[in-house]
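Input: a single structure, listed below in structure tokens.
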Ligand code: SAH
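In the working numbering, the protein residues as written are -3 to 239.
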């Protein structure tokens, strides 16, 4: 009887360790995604000249596949934007990295994002900065990305549903503002809520193709530098018309 008990105990211990080992080792899926992510960073981002170490590290860390609808998992690390529902898209990885680098973030910066979408860009920002505020106009997307970012443990991101054209005055001024949808002009509230020496990256001007610009506030005035021509979804009003 004693032997039988000892046998059962050792069997259970073995089973426990087997389960532990399997539970702790990465699944073949996540290994595959990690390899794809590394390849993405090397071939799409570093090779095109994004060199900021913190940006590269964040792009290596954040699991883009977690932010996508299941049917696009196989394309998660490809070199293009992807649909996230509600007629919206998650940006191309290179553009996420380029915009993040252009913000020239410091480890203490407070950042505002307009256009939470999937939450991916917010997660990349939150790997670098201690406070990220993000506004999404589509209620369902706001709710989904908030839930996902909570699940992933991002305690330093606050998401609200609303019209980002108005900014988030309660938490202004911001050291950096990133706009991931495109208005035809710089929203005055965002200009106002940008701190002195603050940086804003925003796609503006034309309706179909826009110029991604960097605006730096110097003695209350915005200094503009064009970065690259891009194509973003338009910035929307609550009634669905565009700004
Ligand atoms: N940064 C996102 C990309 C989202 S695409 C990501 O990493 O996935 C642009 C997003 O801007 C869309 O989700 C769209 O619904 C949102 N948007 C459009 N107009 C807006 C506005 N006025 N205020 C806030 N969000 C807006």
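We put the beta carbon where it would ideally sit given N, CA and C, even for glycine.
Local conformation of residue i per DSSP, three classes
| i | result |
| --- | --- |
| residue 274 | Any question about residue 274 goes unanswered here, given that the chain covers just -3 to 239. |
| residue 122 | helix |
| residue -3 | Only weak support is given to the placement of residue -3: the predicted model assigns it a pLDDT of 49, under 50, and the value that follows is read from those uncertain coordinates. Here residue -3 sits in coil by DSSP. |
| residue 223 | strand |
| residue 29 | helix |
| residue 129 | strand |
| residue 18 | With a pLDDT of 42 at residue 18, under the threshold of 50, the modelled position of that residue is not reliable, and the figure given next carries that caveat. In the structure shown, residue 18 sits in a helix (DSSP, three-state: H, G or I). |
| residue 52 | helix |
| residue 169 | coil |
| residue 199 | strand |
| residue 104 | coil |
| residue 112 | coil |
| residue 230 | strand |
| residue 99 | coil |
| residue 241 | Past the boundaries of the shown model lies residue 241; the chain is included only from -3 to 239, so the question cannot be answered. |
| residue 79 | strand |
| residue 74 | coil |
| residue 194 | strand |
| residue 11 | Annotation note: pLDDT 48 at residue 11 (below 50); position unreliable, coordinate value reported separately. DSSP places residue 11 in helix when its eight states are reduced to three. |
| residue 92 | helix |
| residue 157 | strand |
CB of residue i within 8 Å of CB of residue j, strictly
| i | j | result |
| --- | --- | --- |
| residue 56 | residue 42 | no |
| residue 122 | residue 152 | yes |
| residue 182 | residue 208 | no |
| residue 161 | residue 231 | yes |
| residue 176 | residue 67 | no |
| residue 47 | residue 64 | no |
| residue 268 | residue 130 | It is not possible to answer for residue 268, since the shown part of the chain is limited to -3 through 239. |
| residue 188 | residue 218 | no |
| residue 107 | residue 132 | no |
Alpha carbon of residue i to alpha carbon of residue j, nearest angstrom
| i | j | result |
| --- | --- | --- |
| residue 228 | residue 98 | 17 Å |
| residue 26 | residue 148 | 15 Å |
| residue 172 | residue 28 | 34 Å |
| residue 49 | residue 201 | 31 Å |
| residue 165 | residue 30 | 38 Å |
| residue 236 | residue 159 | 11 Å |
| residue 113 | residue 214 | 30 Å |
| residue 18 | residue 198 | Interpretation of residue 18 is limited by its pLDDT of 42, a score under 50 that renders its predicted location unreliable; the figure taken from the coordinates is listed afterwards. Their Cα atoms are separated by approximately 45 Å. |
| residue 225 | residue 76 | 15 Å |
| residue 125 | residue 145 | 15 Å |
| residue 93 | residue 115 | 14 Å |
| residue 184 | residue 239 | 12 Å |
| residue 243 | residue 134 | Residue 243 falls outside the range modelled here, since the chain spans only -3 to 239, and no answer is possible. |
| residue 39 | residue 62 | 21 Å |
| residue 127 | residue 174 | 13 Å |
| residue 150 | residue 220 | 32 Å |
| field | Meets three-Cβ-pair contact criterion under 8 Å: the segment 80 to 92 and the segment 51 to 66 | value | yes
| request: Determine, using beta-carbon pairs with one atom in the segment 137 to 146 and one in the segment 189 to 199, whether at least three such pairs fall under 8 Å. | output: no
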